[in-house]
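Asker:
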Amino acid sequence: MELWKSIPFVCILLPLGSAAATSVLKGKIAKRWTGFVLFAVSVLSAVFEVLMRFYGQSYTYMMGHYPAPWGNEIRAGELEAVTAGFFAFIMFLSYIGGIKKLKEHVLSDKHNLYCVLMLLLDSALMAQVYTNDIFTAYVFVEIMTIAAAALIAARTRGRTLVAATRYMIMNLIGSSLFLMGIIILYDLTGHLLMSNMHEAIDTLAKTGQYKEPLTVVIALITIGLAIKSGLFPFHKWIPDAYGYSTPASQAVLSSLVSKGYIFLLIKIIYRVIGLDLYKETGIHNVLFVFGLVGMLMGSFSAIKQNDIRRMTAYSSVAQIGYVFMGIGLGTQFGMMAAMFHIFSHAVCKAMLFLAAGALVDASDHHDEFKYLRGSGYRAPLAGIAFSIGALSMVGFPFLGGFSSKLNFALAGLEYGGIHAVLVVVVLMASTALNTVYFLKTVITLYRITDHAYEIPVKKPEFLFRVSLILFALLNIGLGVMSQYFINAINRGIIMFG
Amino acid sequence: MLSMLGNYEEIAAMILFGIGFTVLLLDKNMIKKIIGFSMTDSAVYLFLAAKGFIRGRKAPIVVDGVTEMGAYIIPIPAGLVLTGIVVSVACSAVMLALTVRLYRRYHTLDIDKITRLARKEEK
Numbered sequence: 000m001e002l003w004k005s006i007p008f009v010c011i012l013l014p015l016g017s018a019a020a021t022s023v024l025k026g027k028i029a030k031r032w033t034g035f036v037l038f039a040v041s042v043l044s045a046v047f048e049v050l051m052r053f054y055g056q057s058y059t060y061m062m063g064h065y066p067a068p069w070g071n072e073i074r075a076g077e078l079e080a081v082t083a084g085f086f087a088f089i090m091f092l093s094y095i096g097g098i099k100k101l102k103e104h105v106l107s108d109k110h111n112l113y114c115v116l117m118l119l120l121d122s123a124l125m126a127q128v129y130t131n132d133i134f135t136a137y138v139f140v141e142i143m144t145i146a147a148a149a150l151i152a153a154r155t156r157g158r159t160l161v162a163a164t165r166y167m168i169m170n171l172i173g174s175s176l177f178l179m180g181i182i183i184l185y186d187l188t189g190h191l192l193m194s195n196m197h198e199a200i201d202t203l204a205k206t207g208q209y210k211e212p213l214t215v216v217i218a219l220i221t222i223g224l225a226i227k228s229g230l231f232p233f234h235k236w237i238p239d240a241y242g243y244s245t246p247a248s249q250a251v252l253s254s255l256v257s258k259g260y261i262f263l264l265i266k267i268i269y270r271v272i273g274l275d276l277y278k279e280t281g282i283h284n285v286l287f288v289f290g291l292v293g294m295l296m297g298s299f300s301a302i303k304q305n306d307i308r309r310m311t312a313y314s315s316v317a318q319i320g321y322v323f324m325g326i327g328l329g330t331q332f333g334m335m336a337a338m339f340h341i342f343s344h345a346v347c348k349a350m351l352f353l354a355a356g357a358l359v360d361a362s363d364h365h366d367e368f369k370y371l372r373g374s375g376y377r378a379p380l381a382g383i384a385f386s387i388g389a390l391s392m393v394g395f396p397f398l399g400g401f402s403s404k405l406n407f408a409l410a411g412l413e414y415g416g417i418h419a420v421l422v423v424v425v426l427m428a429s430t431a432l433n434t435v436y437f438l439k440t441v442i443t444l445y446r447i448t449d450h451a452y453e454i455p456v457k458k459p460e461f462l463f464r465v466s467l468i469l470f471a472l473l474n475i476g477l478g479v480m481s482q483y484f485i486n487a488i489n490r491g492i493i494m495f496g
Numbered sequence: 000m001l002s003m004l005g006n007y008e009e010i011a012a013m014i015l016f017g018i019g020f021t022v023l024l025l026d027k028n029m030i031k032k033i034i035g036f037s038m039t040d041s042a043v044y045l046f047l048a049a050k051g052f053i054r055g056r057k058a059p060i061v062v063d064g065v066t067e068m069g070a071y072i073i074p075i076p077a078g079l080v081l082t083g084i085v086v087s088v089a090c091s092a093v094m095l096a097l098t099v100r101l102y103r104r105y106h107t108l109d110i111d112k113i114t115r116l117a118r119k120e121e122k
């Protein structure tokens, strides 16, 4: 076997091993090492993406000494490669963008532990993307949950502690359901590897055996992962968790953690259950409806906020709704739109949170809108980045958000019937609401104020600037080159099936 | 109905799962929530262990030279239970640590009261 096929394995193991090593390193060395590892993983993932494009098919990679139905496996196709590349790169940029704020928010002797959490999260994300074994997926889901809860609580304030606790409770509920689902599925099929499970489920579906248990399993897995990723009625923990933690955590949590679960759900739908059987059970309709409601309710709640970070957090609720609406359509086009939105939202939200952090710092550390007036002049780079992010969220052409909204509308129209009307109307309403709160914020940022601010504005740190500029370029790149990514996702989904 | 009685382990597991899940979701007390979570996960492991055991077969360790497959059970469910227990212990530990921090700060275990206090503290 070629050496490059080990890249996914390295991408999982390198951060996992470094996480153990980082716990005994001193703060500064730990931070540098973590930055290096995250960078290495993103470069490796990018190289892997290019290689997979030329390789043109998927492959499985045996972990350990036991071959397929018994051992553990990694599976890589083009969709996994693109997703892992995006996730790793956003992880790295969020880390370098928020690393300087750690001094203010985290006790100085705990910096290495923060790095451990970042590395664990990176490893768990990679593992969720690449794994072909459903129980391994569960274990890494839990690792991600614990790491994310600790990332929220890393900034010691009352509200972050409460937010972390609420996050843990909701996530444990979700994982319990997910675990029950996969255990019953294991009981029905006798396998843990996704490909073998899929064969067994196909046989069961053809012979009509265990119809009810299969429906229950699909419901349990779907609802479990939907709760974990914060779909609308289960979103109460999102604003506090995203709103009060340190910027690096905010960026990573809002853009990657919930997306990891959604990617796992899409992978399970295709690789384990099969799209046709999934649609037969009708569970996608539940996701569709809650996605639509979430799109509207998230936006309404965002309008009511008078605090820039909570507003951005509520906007995440709406965006998760978009993704689940795409999955809920249950067509390949819908899945593609959902996957593309995962990318465009991840790139955008991480940048928005990093920029919002800098804007708040330039306004005497107040995050209410009335203090933020004119902060676009005091922190110019952050102001521009926030504006680009806001425009992308609103769906301005040449930015990522435009292509994803277009994809959703086309996916809805392709489906036809009442779904098409619902998708287009709700998409329009939600976009209008997005425009209200995001453009309102951008206008606030550039309003001239005569309020005197105490804190002299420092020049932003080099790493922070690099991170914001790269994020802005990524946003524009996603918009301009959207067809490239759409084709890659489409090929990847076909490889799934 | 009789077949359900035969599966009493699974039924017990499901009832426990329901109880634990309800407590985890609805109880205000943090410690009770953690107990509920432990019950939920234990119920899943009980279900898995019950499914993985076949009466009359032995653990797959060859000591008396019997090598036919029918004499032994598959060891994977037991392995999964062990892995799962490790995971849920880690989750309980994180929850307990958070509860200790919250209790030191707000001197109560009621999550609703804690949320109110945290909001008031911020203002």
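Chains L and W supply the protein sequences, listed in that same order.
For the first sequence, counting from 1, position 368 maps to 367 in numbering that gives the first Met the number 0; every step adds exactly one.
For the second sequence, counting from 1, position 90 maps to 89 in numbering that gives the first Met the number 0; every step adds exactly one.
Built from N, CA and C at the ideal position, the CB exists for glycine as well.
#1: Please report the Cβ distance between L/Leu477 and L/Val346, rounded to the nearest whole angstrom; I am assuming they are in contact, meaning their Cβ atoms lie under 8 Å.
#2: Under a three-way DSSP split, which group does L/Asp131 fall into?
#3: Which residues mark the beginning and the end of the beta strand (DSSP E) in which L/Arg74 is found?
#4: Between the alpha carbons of L/Leu469 and L/Leu92, how many angstroms are there, rounded?
#5: Leaving out five residues on either side along the sequence, give the residues of the same chain with a beta carbon under 8 Å from the beta carbon of L/Phe395.
#6: For L/Gln482, which option in L/Ser174, L/Leu405 and L/Ile417 has the closest C-alpha, if you only look at C-alpha atoms?
#7: For the 8 Å Cβ check, are there 3 or more pairs between the segment 78 to 86 of chain L and the segment 125 to 132 of chain L?
#8: Terminal residues of the continuous alpha helix (DSSP H) containing L/Thr497?
#9: Residues of chain L with CB closer than 7 Å to the CB of W/Glu120, please, in chain order.
#10: Per DSSP, which one or two residues make a beta bridge with L/Met61?
#11: Who are the neighbours of L/Phe368 on chain W, taking C-beta pairs under 7 Å?
#12: Suppose the cutoff is 7 Å on Cβ atoms and the five residues either side in sequence are ignored; what does the same chain contact list for L/Glu48 look like?
#13: Using the beta-carbon of each residue, which ones in chain L are nearer than 8 Å to W/Ile72?
#14: For L/Glu1, count the other beta carbons within 10 Å of its own beta carbon; 16 or more makes it buried, fewer makes it exposed. Which is it?
#15: Helix, strand or coil for W/Leu108 per DSSP?
#16: Once DSSP output is grouped into helix, strand and coil, what is the label at L/Glu367?
#17: Measuring CB to CB, does W/Gly51 end up less than 8 Å from W/Pro76?
#18: For W/Lys32, which of helix, strand or coil comes out of DSSP?
#19: Who pairs with L/Tyr436 in a beta bridge, going by DSSP?
#20: Alpha carbon to alpha carbon, how far is L/Asp108 from L/Gly97?
#21: What distance in whole Å lies between the Cβ atoms of L/Ala410 and L/Gly333, which are believed to be in contact at a cut-off of 8 Å?
#22: Is it buried or exposed, W/His106, if we count other Cβ atoms within 10 angstroms and call 16 or more buried?
#23: Checking contacts by CB at 8 Å: is L/Leu528 closer than that to chain W?
#24: Nearest-angstrom Cα distance between W/Glu67 and W/Ile73?
#25: Chain W partners of L/Leu178, CB-CB under 8 Å?
#26: Could you tell me whether any Cβ in chain L is nearer than 8 Å to the Cβ of W/Phe36?
#27: Note down the Cα distance separating L/Ser403 from L/Pro66, rounded to an integer number of angstroms.
#28: Between L/Glu367 and the rest of its own chain, which residues show a CB-CB distance below 7 Å, the 5 nearest in sequence each way excluded?
#29: With distances taken from CA atoms, which of L/Ile95, L/Tyr58 and L/Phe437 is nearest L/Ile77?
#30: In chain order, what are the residue ranges of uninterrupted alpha helix (DSSP H) at least 4 long that sit wholly in the segment 281 to 349 of chain L?
#31: Can you check DSSP and say which residues form a bridge with L/Leu192?
#32: At a CB distance below 8 Å, what residues from the segment 262 to 285 of chain L approach chain B? Give them in sequence order.
#33: When the distance is taken between beta carbons, is L/Pro7 closer than 8 Å to L/Ser122?
#34: Run through the DSSP bridge pairs and tell me what W/Lys57 is partnered with.
#35: What separation, rounded to the nearest whole angstrom, lies between the Cα atoms of L/Tyr370 and L/Arg377?
#36: Can you list, in chain order, the residues of its chain with a C-beta nearer than 7 Å to that of L/Val465? Leave out the 5 residues immediately preceding and following it.
Answerer: Considering the structure as presented:
#1: Rounded to the nearest angstrom, the Cβ distance from L/Leu477 to L/Val346 is 6 Å, consistent with a contact under 8 Å.
#2: Asp is not the amino acid found at residue 131 of chain L; the sequence shown has Asn there. If DSSP states are grouped into helix, strand and coil, L/Asn131 belongs with coil.
#3: Asn71 to Ala75 is the span of the beta strand (DSSP E), which, as asked, contains L/Arg74.
#4: The alpha-carbon atoms of L/Leu469 and L/Leu92 are separated by roughly 8 Å.
#5: By the criterion of a C-beta distance shorter than 8 Å, L/Phe395 is surrounded in its chain by Phe401, once the five residues flanking it on both sides are discounted.
#6: Taking L/Gln482 as reference, the option from L/Ser174, L/Leu405 and L/Ile417 with the minimal CA-CA separation is L/Leu405.
#7: Taking 8 Å as the limit for Cβ pairs, the verdict is that the segment 125 to 132 of chain L does touch the segment 78 to 86 of chain L.
#8: The structure shown does not extend to residue 497 of chain L, since chain L is modelled only from 0 to 496, so the question has no answer here.
#9: For a Cβ distance threshold of 7 Å, residue set Gly157 of chain L lies close to W/Glu120, ordered along the chain.
#10: Answer is L/Glu72, bridged to L/Met61.
#11: Result: empty, since nearest Cβ-Cβ is about 17 Å, beyond 7 Å.
#12: Hits under 7 Å: Ala80, Val81 and Gly84.
#13: Neighbours of W/Ile72 across chain L, judged by C-beta separation under 8 Å, do not exist; the nearest C-beta is about 13 Å away.
#14: By the Cβ-count criterion, L/Glu1 is exposed, with fewer than 16 other Cβ atoms from all chains shown falling within 10 Å of its own Cβ.
#15: Residue state, collapsed to three classes: coil.
#16: In this structure, L/Glu367 counts as strand in the three-state DSSP scheme.
#17: Yes; because the gap between Cβ atoms is below 8 Å, this pair is in contact.
#18: The answer is helix: DSSP assigns W/Lys32 an H, G or I state.
#19: For L/Tyr436, DSSP assigns no beta-bridge partner whatsoever.
#20: Answer to the nearest angstrom: the Cα atoms are 17 Å apart.
#21: Confirmed, Cβ separation roughly 4 Å.
#22: Classification of W/His106: exposed, given that the 10 Å Cβ count is below 16.
#23: An answer regarding residue 528 of chain L cannot be provided, because it is not within the stretch 0 to 496 covered by chain L.
#24: Their Cα atoms are separated by approximately 13 Å.
#25: Result: Asp40, Val43 and Gly83.
#26: Judged by the 8 Å Cβ criterion, W/Phe36 is in contact with chain L.
#27: Going by the C-alpha atoms only, they are around 40 Å apart.
#28: When the five nearest sequence neighbours on each side are left out, the beta carbons in the same chain lying within less than 7 Å of the beta carbon of L/Glu367 are those of Asn305 and Asp306, in order along the chain.
#29: According to the sequence provided, residue 77 of chain L is Glu. The question's Ile does not apply to it. It is L/Tyr58 whose Cα lies nearest to the Cα of L/Glu77.
#30: Listed in chain order, they are 282 to 303 and 307 to 328.
#31: Bridge partners of L/Leu192: L/Asp132.
#32: Considering every chain present, this structure includes no chain B. Its protein chains are L and W.
#33: Going by C-beta atoms, L/Ser122 is not nearer than 8 Å to L/Pro7.
#34: The partner list for W/Lys57 (beta bridge, DSSP) reads W/Tyr71.
#35: C-alpha of L/Tyr370 to C-alpha of L/Arg377: approximately 12 Å in a straight line.
#36: Apart from the 5 residues on each side of it in sequence, L/Val465 sits with its Cβ closer than 7 Å to the Cβ of Ile95 in its chain, given in chain order.
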